[in-house]
Amino acid sequence: SIQTAARAIGVAQSALDISMQYAQDRKQFGKALINFPRVSGKLAMMAVELMIARQLTYYSAFEKDAGRRCDVEAGMAKLLGARVAWAAADNGLQIHGGNGFALEYKISRVLCDARILNIFEGAAEIQAQVIARRLLG
């Protein structure tokens, strides 16, 4: 689970980096996309969600390295990481507009990478059930 969470963090970071660059470079109505509040707001939330998922993943890895039980935390990191990666890729696609579907733009590949994360090691619904059962004792 920690490995899948780390992979998800990489996908989300890639989506943020690609989208940030695109928003700075792409001009619409004479100004860069990043200057539009909806675009900058999406980028800000991508960064916030990425930081939260990254810290949970680091915590899970830290606990594992210390020899402590971390199955719940690792499951949470995997579940959150996959969701954050998907949201970042989807927001990146929206920032790219129609160009997001063109294979020349990297964000289209990131979207595919993000989608598979919910399938690795069990679907998100199954992961959530495992977490809930463990929390309930």
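The sequence shown maps to residues 23 to 159 in our numbering.
Just so it is clear, CB atoms sit at the ideal spot from N, CA and C, and this is done for glycine as well.
Check	Outcome
Suppose the cutoff is 8 Å on Cβ atoms and the five residues either side in sequence are ignored; what does the same chain contact list for residue 163 look like?	Since the first residue shown for the chain is 23 and the last is 159, residue 163 is missing from the structure and cannot be characterised.
Measure the alpha-carbon distance for residue 50 versus residue 132 and round it to whole angstroms.	24 Å
So, at 8 Å on beta carbons, what are the nonlocal neighbours of residue 86 in its own chain, with the 5 sequence-adjacent residues on each side left out?	24, 92 and 96
Once DSSP output is grouped into helix, strand and coil, what is the label at residue 27?	helix
So, at 7 Å on beta carbons, what are the nonlocal neighbours of residue 42 in its own chain, with the 5 sequence-adjacent residues on each side left out?	65
Apart from the five residues just before and just after residue 82, which ones in its own chain have a Cβ nearer than 6 Å to its Cβ?	24, 92, 95, 96 and 99
Is residue 136 near residue 107, with beta carbons less than 7 Å apart?	yes
From the DSSP secondary-structure annotation, give me the bridge partner or partners of residue 54.	49
So for residue 84, helix, strand or coil by DSSP?	helix
My output table needs one value for residue 115: the three-state DSSP class, helix, strand or coil.	helix
Near residue 71, which residues of its chain fall below 6 Å by C-beta distance, leaving aside the five closest residues on each side in sequence?	106
May I have the straight-line CA-CA distance separating residue 89 from residue 126, to the nearest angstrom?	45 Å
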